[in-house]
Every structure is written in C-alpha cells, then in structure tokens.
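Asks: Once you've had a glance at the structure underneath, I'll fire off some questions.
In the UniProt record's numbering, the protein residues as written are 1 to 438.
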C-alpha cells in the first residue's frame with residue numbers, strides 16, 4: 001500500500017495540491033516562530049529574550065493548532081475525492097489497515113516534501129519577525145536573526161506529526177463511510193469540547209481577569225480561537241440550517257437557485273469544507289481586531305505596563321499571519337473542491353443547464369457558504385469581544401465601529417467569490433461530453 005501511495009502522488013498529484021499548500025504554509029509559519037527561539041538563545045532579558053520567547057510560544061502555539069486543523073481538513077477533502085478508487089481497492093481485497101497505511105503514507109510524503117520546500121520561506125519570515133520586534137523596540141538592534149536546529153526540528157517535527165495524525169483521522173473517517181453510514185458523533189463531541197474550552201476562557205475573562213487591564217487579553221484571545229474551531233467542526237450542521245432558512249430566497253433566482261439549494265442539501269459534507277476556513281477567517285480576525293480596539297480606547301490616558309507594546313505587536317503579528325494563512329487555505333480549499341466537480345457540471349449541462357446557469361448556481365452556493373461562515377465567525381468572535389469589553393471597558397456590548405467587521409465579511413465574500421467563480425469558469429470550458437468521460 002505504500003507503493004500505491006507513492007504512485008498516487010506521482011500520477012495523480014492534483015488531489016494533493018491543497019494538502020501540500022496547507023502543509024507548506026504551516027511549516028513555514030512554525031519555522032518562522034521557532035526561529036525566534038534560535039534567535040533568543042544566549043540573549044539576556046535586556047536584549048529582548050523575553051519578547052522573542054513570548055512571541056514564539058504564543059504565535060507558534062496558535063499556528064500549530066490552526067495548521068493541524070487545516071491539514072486535516074484539506075487531506076480529508078483530497079481523500080474523499082478519491083472515494084471511487086478506495087472503494088475499488090476494497091472490492092479488490094484491500095483491508096482496512098492497508099488503506100490506512102496508504103492514506104498515512106501519502107500524508108507523510110506530502111508533509112515531508114512541503115516541509116523541505118518551506119525552509120527558505122520560514123527563514124525569511126523569521127527574519128521579518130525579528131525585524132518587526134526591533135522596530136518596536138522589543139529587541140535591541142544589534143541582535144542577529146537566528147535560524148537553526150530549533151526551527152528545523154519544530155518545523156519538520158510538528159508538520160510530520162500533524163500530518164500523521166491527520167492521515168489516521170482521515171483514514172478512519174473514509175473507512176467508516178465506505179462500510180456503513182457515517183457517524184458524526186466524534187466530530188460533534190470535539191466541537192462541544194472546543195466550545196466549552198472557549199466558554200471557560202470567556203468566563204475567566206469576565207470574572208477572574210476583570211480589572212486586570214491588558215492582561216485580560218491572555219484569556220480573551222484564546223476564547224475566540226477555541227470557539228472558532230468548535231463552530232468550524234459544526235460546519236455541516238450550520239450550512240444545513242442556513243440553507244433551510246435562506247433556501248426560499250435563493251430559489252427566487254429560478255433554475256440556478258433550485259440547483260444551488262438542491263446541491264447544498266445533497267453535498268453538505270463536501271461544501272462544509274469550504275465553510276470552515278471562512279468561519280475561522282472571520283472569527284479570528286474579527287475577535288482580535290475588536291479586542292485590540294477596545295484595549296486602545298480603554299488605555300487612553302492610562303499608564304501602561306512595559307509589556308503592553310509587546311502584547312499589541314504580538315496580537316497584530318499573530319492575527320496577521322494566521323489570517324493570511326486561513327485566507328490562502330480558503331481559496332485553496334474552494335479551488336480544490338470546485339475543480340473536482342467537473343463531471344457534475346458536465347452532467348448538468350447535458351441535462352439542459354446552460355453555462356450561465358451553472359455559474360449562477362455556484363455563485364449562489366458561494367453566498368450560502370459565505371453567510372454560514374461569516375455568521376458562525378461572528379458568533380465565535382463574541383466569545384472574545386463581549387467578556388473582554390466587560391472586563392476592560394465595563395460594557396458588554398462594545399461601542400466600536402461595525403466597519404471593521406464589514407471589512408472582514410466583505411473580504412471573506414470576495415475571496416469565496418473569486419475562488420469559486422474563476423475555478424468554475426475554467427472547469428466548464430470545453431465539451432461537456434469530454435468532461436463526463438474524464
């Protein structure tokens with residue numbers, strides 16, 4: 001089965017591009033933050049050791065969580081797109097452990113290649129982070145950026161370990177779905193667990209951290225990220241609910257609307273893979289931006305601790321990098337999922353749908369995906385915004401402008417529309433009969 005895995009990578013690389021990009025970007029980010037530990041080695045607190053270590057631990061830790069989630073999501077999508085091949089292998093006599101070794105072998109091979117190619121990008125991003133900390137006065141100008149054993153060990157180790165775990169989880173899921181009706185119990189239990197962790201952090205922010213000033217960010221920021229992951233795991237349920245509510249409105253658009261609603265109902269699990277990055281993007285970005293806005297307003301005229309600048313820089317660096325990663329993951333996932341639908345689009349065209357109707361159908365599906373992700377992300381951001389506003393500004397509902405959220409939501413909508421419409425336009429080119437036979 002390892003030989004089959006290598007043949008799949010050599011002859012059918014398209015299905016693994018999304019996984020490769022997720023692993024590449026994740027490894028680069030982890031190496032960049034880990035490089036700060038290489039830089040901090042041998043430095044004193046006065047030279048910036050504390051700032052380097054804190055940024056590396058917080059930023060690298062959250063990158064690890066998001067990257068593991070992203071690799072699992074994209075790997076699941078890649079394997080699910082080959083369900084016919086896996087079913088054929090099972091009919092030919094392949095056992096469950098053999099299929100598992102094939103999937104895990106593919107995941108590890110992709111992760112190893114991605115980590116190796118990510119080394120230059122991690123080195124460059126690490127230098128950018130050190131330069132940023134120098135510019136804000138948190139590290140002395142004489143410090144030289146480091147990139148050595150810690151960065152390489154964590155970059156390769158975390159990416160390979162995460163891909164191994166993702167491969168096992170994906171293999172278990174695909175074997176379960178091929179032998180019996182899928183039971184989403186484990187996914188839902190995971191969602192409840194992450195939401196409870198987020199709720200716990202929110203409660204701690206509003207109670208224990210009340211009156212602690214900027215220190216309340218320690219728990220408030222975690223609350224929104226954990227809640228975003230928890231709600232992202234419930235993406236199929238959320239997408240189904242939004243489709244039921246907005247379905248009558250979408251059907252007003254005629255044939256395209258009917259196809260969109262029917263498509264979402266029949267392909268909820270597949271389309272939920274696109275909801276996840278939209279939700280993560282919206283939740284993390286909105287929560288951090290408003291949390292920092294509340295802090296900036298509350299800090300006016302007050303004497304701030306020396307580490308306040310460190311925390312502000314850390315917030316913007318972490319949210320910037322994670323948001324960029326999730327945005328790329330969003331486009332990456334949508335492109336992979338849409339390209340795989342070539343045969344479906346061809347069958348619809350042969351059944352009488354025009355190219356314009358297919359594009360309109362995909363656009364309306366994108367609207368449902370975006371609305372689901374944006375609303376879910378907004379709900380997740382409340383785990384950060386509301387308790388932090390209570391603890392820092394003595395008001396549960398913040399008085400910040402809604403324009404920041406509007407910008408985040410519009411960015412998610414633009415990214416979704418760009419990825420789906422552009423990819424669909426390329427996919428439906430050429431004769432439908434050729435695509436059906438492919």
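We treat Cβ as the ideally placed atom computed from N, Cα and C, and that holds for glycine.
Look at the alpha carbon of residue 325 and the alpha carbon of residue 88, and state the distance between them as a whole number of angstroms.
Replies: Roughly 35 Å between the two C-alpha positions.
Asks: Using a 10 Å radius around the Cβ and a threshold of 16 neighbouring Cβ atoms, would you call residue 397 buried or exposed?
Replies: Residue 397 should be labelled exposed.
Asks: Please list the terminal residues of the continuous alpha helix (DSSP H) segment that includes residue 340.
Replies: Element bounds for residue 340: n/a, residue is neither H nor E.
Asks: Is the region 204-215 touching the region 298-316 in the sense that three or more CB pairs, one from each, lie closer than 8 Å?
Replies: Because the criterion of three Cβ pairs below 8 Å is met, the region 298-316 and the region 204-215 touch.
Asks: Can you look up residue 430 in the DSSP assignment and give me helix, strand or coil?
Replies: Correct three-state label for residue 430: coil.
Asks: Within 10 angstroms of its Cβ, does residue 226 collect 16 or more other Cβ (buried), or is it exposed?
Replies: Buried: at least 16 other Cβ atoms inside 10 Å.
Asks: Below 8 Å CB to CB, which residues in the same chain sit around residue 315 once its five sequence neighbours on both sides are set aside?
Replies: 217, 221, 288, 291, 292, listed in sequence order.
Asks: Anyone know if the C-beta pair for residue 264 and residue 358 falls short of 7 Å?
Replies: Against a cut-off of 7 Å, the Cβ pair of residue 358 and residue 264 comes out as no contact.
Asks: Using a 10 Å radius around the Cβ and a threshold of 16 neighbouring Cβ atoms, would you call residue 313 buried or exposed?
Replies: Answer is buried; the Cβ neighbour count reaches 16.
Asks: What is the C-beta distance between residue 439 and residue 283, in whole angstroms, given that I count them as a contact (C-beta under 8 Å)?
Replies: Nothing can be reported for residue 439: it is not among the residues displayed for the chain, which extend from 1 to 438.
Asks: Helix, strand or coil for residue 264? Go by DSSP, reduced to three states.
Replies: Residue state, collapsed to three classes: helix.
Asks: Alpha carbon to alpha carbon, what distance is there between residue 381 and residue 249?
Replies: Those two C-alpha atoms are separated by around 27 Å.
Asks: Alpha carbons only, please: which of 317, 278, 175 is nearest the one belonging to residue 413?
Replies: It is 278 whose Cα lies nearest to the Cα of residue 413.
Asks: Just to confirm the assignment: which complete alpha helix (DSSP H) runs, minimum length 4, are found wholly within the UniProt domain "ABC3 transporter permease C-terminal" (63-171)?
Replies: Listed in chain order, the complete alpha helix (DSSP H) runs (minimum 4 residues) inside the UniProt domain "ABC3 transporter permease C-terminal" (63-171) are 83-91, 96-135.
Asks: Identify whether residue 355 lies in helix, strand or coil by the three-state DSSP scheme.
Replies: If DSSP states are grouped into helix, strand and coil, residue 355 belongs with the helices.
Asks: Quick one: using the 10 Å Cβ neighbour count with 16 as the cut-off for buried, is residue 52 buried or exposed?
Replies: So residue 52 counts as buried.
Asks: Can you check which of these residues, 335, 239, 103, is closest to residue 377 by C-alpha distance?
Replies: Of 335, 239, 103, the residue nearest in Cα terms is 239.
Asks: So residue 294 and residue 392 are supposed to be a Cβ contact under 8 Å. How far apart are they, rounded?
Replies: So it is a contact: roughly 6 Å between Cβ atoms.
Asks: Considering residue 194, what are the terminal residues of the alpha helix (DSSP H) in which it resides?
Replies: Per DSSP, residue 194 belongs to the alpha helix (DSSP H) from 185-206.
Asks: In whole angstroms, what separates the C-alpha of residue 67 from that of residue 323?
Replies: Between residue 67 and residue 323, the C-alpha separation is close to 12 Å.
Asks: Which value, in whole angstroms, describes the spacing of the CA atoms of residue 171 and residue 286?
Replies: Distance between the alpha carbons of residue 171 and residue 286: 34 Å.
Asks: Below 7 Å between beta carbons: does that hold for residue 59 and residue 138?
Replies: No, they are not a contact pair.
Asks: Taking C-alpha atoms, which residue in 28, 345, 40 lies nearest to residue 152?
Replies: Taking only the C-alpha atoms, the option nearest residue 152 is 28.
Asks: Would you mind working out which of 430, 401, 371 sits nearest residue 440, comparing C-alpha positions?
Replies: Only positions 1 to 438 of the chain appear in this structure, which leaves residue 440 out of reach.
Asks: Apart from the five residues on each side of it in sequence, which residues of its chain come closer than 6 Å, Cβ to Cβ, to residue 395?
Replies: Correct list, in chain order: 389.
Asks: Check whether the region 194-210 and the region 341-349 are in contact - that is, three or more C-beta pairs closer than 8 Å.
Replies: Result no; under three Cβ-Cβ pairs closer than 8 Å.
Asks: Between residue 379 and residue 85, what straight-line distance do the alpha-carbon atoms span, to the nearest angstrom?
Replies: If I take the Cα positions, the gap works out to 39 Å.
Asks: Let me check understanding here. Comparing Cα to Cα, which of 335, 262, 46, 130 lies closest to residue 18?
Replies: Ranking 335, 262, 46, 130 by Cα distance to residue 18 puts 335 first.
Asks: Could you spell out the range, first to last residue, of the alpha helix (DSSP H) harbouring residue 253?
Replies: Note, residue 253: premise wrong, no alpha helix (DSSP H); not H, not E.
Asks: Quick one, which of 129, 161, 50 has its alpha-carbon nearest residue 104's?
Replies: Taking only the C-alpha atoms, the option nearest residue 104 is 161.
Asks: Between which two residues does the alpha helix (DSSP H) harbouring residue 209 extend?
Replies: Looking at the DSSP string, residue 209 is not in any alpha helix (DSSP H), and its letter there is neither H nor E.
Asks: Between the alpha carbons of residue 36 and residue 275, how many angstroms are there, rounded?
Replies: If I take the Cα positions, the gap works out to 33 Å.
Asks: DSSP three-state label for residue 304, please.
Replies: Three-state result, residue 304: coil.
Asks: So, helix, strand or coil for residue 218, using DSSP?
Replies: Helix at residue 218.
Asks: Could you spell out where the alpha helix (DSSP H) holding residue 26 opens and where it closes?
Replies: 17-40 is the extent of the alpha helix (DSSP H) around residue 26.
Asks: For residue 416, does the count of other Cβ atoms within 10 angstroms reach 16, so buried, or fall short, so exposed?
Replies: Buried, by the Cβ-count rule.
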